[in-house]
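2 protein chains.
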Amino acid sequence: MMFKHIAFAGLGLIGGSLALSFAERGVKLSAYDLNTDTLAKAVKTGLFEYATDDIDELLSLDFDLLYICLPVRSACEFITELGRRKFTKPVTDASSTKADVAGAAKQAGITFCGGHPIAGKEVSGFTNAEAGLFKGAYHILTPLSPEFDTQALRELHEAAGMKVTIMEPEQHDRTFGLVSHLPHITAFAMVQTVSAVDIDALNYTGAGFKDFSRIAASDPRMWTDIFLENDKNMIDLIDSYIAEMERWKNAIQNSDEKAMYQMIEHAAELRRRLS
Amino acid sequence: MMFKHIAFAGLGLIGGSLALSFAERGVKLSAYDLNTDTLAKAVKTGLFEYATDDIDELLSLDFDLLYICLPVRSACEFITELGRRKFTKPVTDASSTKADVAGAAKQAGITFCGGHPIAGKEVSGFTNAEAGLFKGAYHILTPLSPEFDTQALRELHEAAGMKVTIMEPEQHDRTFGLVSHLPHITAFAMVQTVSAVDIDALNYTGAGFKDFSRIAASDPRMWTDIFLENDKNMIDLIDSYIAEMERWKNAIQNSDEKAMYQMIEHAAELRRRLS
């Protein structure tokens with residue numbers, strides 16, 4: 290079964306981009322958002338059947354998939370509310386952490402399969418949404434309810450040009466804690482260090498610093514939620530990362546040329562695999 | 290006085306790019322490099338009057354500026370050798386740290402003004418050199434000998450489209466320790482952490498990780514030298530950076546939503562000033 294009418298709860302950069310992309314494949318759209326400005330912009334595109342800031346109205350619509358695209362803690366609250374209303378239609382989400390969302394969905398007893406599209410930009414909001422944002426990107430599915438038609442969700446995202454992979458929610462949070470959440474913290478901390486030590490030095494940053502710190506210009510609401518939800522993994526990962534920084538400090542303190550050369554060679558070799 | 294004939298000692302990415310850029314402005318070029326392959330490539334461009342791997346031959350040429358573009362410790366050794374030979378023509382360099390080079394030049398008693406062009410790429414060698422690499426970039430001058438015509442050096446680089454600034458060598462090393470050398474260490478440490486914790490997670494890196502870690506694919510010889518020369522600053526800076534990471538760890542451990550939100554907001558605001 291292909292989904293024919295998808296209702297989005299939350300129409301920011303991620304929800305908006307997914308919606309625009311599905312619309313190109315002929316899917317009918319509806320939208321719920323508390324920001325009436327956003328709703329007005331959505332209506333203007335002519336792509337949405339319904340746009341509302343009223344949850345009762347939203348849930349009364351005849352969609353066949355509810356797609357939650359809210360910051361992760363708001364997503365958990367929304368799921369809890371769906372449970373309270375004994376909502377039965379299939380629900381998915383696009384939150385950046387998956388274990389707590391899965392826990393909320395289990396508790397709420399809804400028909401749920403988690404999801405996480407691996408792309409983004411350092412700008413937010415529906416205004417910046419674009420249909421092509423997720424083309425070629427991974428979409429991670431973290432199935433929960435056996436009655437959810439995961440295959441239909443896979444096909445929906447593959448039709449939008451995404452590479453779909455299945456993971457356990459806990460594995461997802463460890464993996465993306467490591468390759469996404471930790472790099473964000475290290476970039477925030479780097480910019481903060483410059484600010485604390487000598488803010489005028491920012492005048493002399495080159496292209497390397499700009500690329501390196503691009504992810505530091507991220508949305509505080511979204512990222513605070515991520516760190517609150519993925520806290521246990523983040524504490525372990527920060528410890529592992531500080532241990533690597535201590536190895537660097539020791540190598541420099543001991544003028545250990547060989548150790549430094551090998552650490553750089555190893556990191557450079559790994560990094561070159563990615564491009 | 291404008292320099293009319295510049296001899297480059299070291300014709301890698303930096304030396305090669307500077308040479309190509311000065312050639313476009315009608316400057317006569319010569320080159321010294323121990324790699325005969327590199328010399329053959331330089332000769333092939335038709336831009337070099339002389340290309341040699343013999344230091345005696347190099348120093349007998351009639352150039353009016355010697356431009357050392359070697360990894361920083363080789364640059365110091367080269368300067369010491371110039372002192373031994375009582376070399377008197379003006380000498381500049383392009384090394385990434387400036388205090389130790391200045392110390393070597395003072396000791397050698399040569400006519401010296403240090404320099405550092407603030408640009409680069411994650412590839413090295415003359416093959417990757419390009420005339421436009423430094424267009425619009427800063428060039429930091431760290432004058433040493435009063436008899437050196439700093440104004441001529443300034444004009445040479447301004448003619449190549451660079452923004453020239455004067456600094457003390459020690460100030461240079463603190464500033465670039467902070468905005469260039471430290472970010473490189475944090476990127477190396479990040480890639481190493483992924484490798485140590487779960488190397489398969491590299492499959493799921495998005496555009497953010499790729500931008501963030503681009504500088505991890507850097508040349509081990511060049512960067513080992515930089516950390517050895519700028520060791521005292523780097524040890525202090527790593528300590529400041531680890532302190533910021535500890536602040537993050539504490540905020541996450543205490544679920545301190547407000548602290549996290551403010552730290553992200555502050556970092557994002559600073560980062561947005563750069564683009």
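The listed protein sequences correspond, in order, to chains A and B.
Counting in the working numbering, the first sequence runs from 290 upward without gaps.
Counting in the working numbering, the second sequence runs from 290 upward without gaps.
Quick reminder that beta carbons are idealized off the backbone N, C-alpha and C, glycines included.
- Contact annotation: the region 504 to 518 of chain B does not touch the region 467 to 481 of chain A, with fewer than three C-beta pairs closer than 8 Å.
- CA-to-CA, the gap between residue 339 (chain B) and residue 319 (chain B) works out to about 5 Å.
- Only residues of its own chain outside the window of five on either side were considered, and among them 358, 383 have a CB closer than 6 Å to the CB of residue 303 (chain A), listed in chain order.
- Residue A:480 holds the alpha-carbon nearest to the alpha-carbon of residue 526 (chain B) among A:553, A:480, A:409, A:305.
- At a Cβ-Cβ threshold of 8 Å, residue 401 (chain B) and residue 434 (chain B) count as neighbours.
- If you check the CB distance, residue 431 (chain B) and residue 458 (chain B) come in under 8 Å.
- The C-beta of residue 472 (chain A) comes closer than 8 Å to at least one C-beta of chain B.
- Annotation for residue 386 (chain B): 361, 462, 515, 518, 519 place their beta carbon closer than 7 Å to its own, counting only its chain and skipping 5 residues before and after.
- When only Cα atoms are considered, residue 329 (chain B) and residue 542 (chain A) end up about 40 Å apart.
- The continuous alpha helix (DSSP H) containing residue 509 (chain B) extends over residues 509 to 518.
- Counting along the chain, residue 318 (chain B) sits inside the beta strand (DSSP E) bounded by residues 317 to 321.
- Under a criterion of Cβ atoms nearer than 8 Å, the residues of chain A adjacent to residue 534 (chain B) are, in order, 474, 475, 478, 527, 530, 531, 534.
- In the DSSP assignment, residue 404 (chain B) forms a beta bridge with B:430.
- Boundaries for residue 418 (chain B): no beta strand (DSSP E) harbours it, and the DSSP string shows neither H nor E there.
- Within the same chain, and ignoring the five residues on either side of residue 416 (chain B) in sequence, the residues whose Cβ sits closer than 8 Å to its Cβ are 330.
- Here residue 382 (chain B) carries a strand assignment [DSSP, helix/strand/coil].
- Rounded to the nearest whole angstrom, the C-alpha separation of residue 336 (chain B) and residue 422 (chain B) is 18 Å.
- With respect to residue 372 (chain A), residue 398 (chain A) sits close: the two C-beta atoms are nearer than 8 Å.
- For the region 551 to 564 of chain B, residues whose beta-carbon sits nearer than 9 Å to a beta-carbon of chain A comprise 551, 552, 553, 554, 555, 556, 557, 558, 559, 560, 561, 562, 563, 564.
- Residue 530 (chain B) is bridged by DSSP to nothing; it lacks a bridge partner.
- The shortest C-alpha to C-alpha distance from residue 374 (chain B) to any of B:390, B:347, B:388 is the one to B:347.
- Spanning the alpha carbons of residue 345 (chain B) and residue 531 (chain A) requires a straight line of approximately 49 Å.
- Counting C-beta atoms within 10 angstroms of its own C-beta, residue 295 (chain A) has 16 or more neighbours from the protein chains shown and is therefore classed as buried.
- Following the DSSP letters along the chain, one finds residue 550 (chain B) inside the alpha helix (DSSP H) bounded by residues 546 to 561.
- Distance from the CA atom of residue 322 (chain B) to the CA atom of residue 426 (chain A), rounded to whole angstroms, is 45 Å.
- In the DSSP annotation of this structure, the continuous segment of the alpha helix (DSSP H) that includes residue 329 (chain A) starts and ends at 325 to 334.
- Under the 10 Å beta carbon count, residue 562 (chain A) is surrounded by fewer than 16 other beta carbons and is classified as exposed.
- Counting the other Cβ atoms within 10 Å of the Cβ of residue 503 (chain A) gives 16 or more, which makes it buried.
- For the pair residue 381 (chain B) and residue 533 (chain A), the CB atoms are not nearer than the 8 Å cut-off.
- Residue range 452 to 455 is occupied by the beta strand (DSSP E) that includes residue 452 (chain B).
- Cβ-Cβ separation between residue 506 (chain A) and residue 548 (chain B): approximately 19 Å, too far for a contact (criterion under 8 Å).
- With respect to residue 537 (chain A), residue 478 (chain B) sits close: the two C-beta atoms are nearer than 8 Å.
- Look at residue 546 (chain A): its C-beta is under 8 Å from a C-beta on chain B.
- Contacts with chain B at 8 Å (Cβ-Cβ) do not include residue 301 (chain A).
- Here DSSP, grouped into helix, strand and coil, assigns residue 376 (chain B) to coil.
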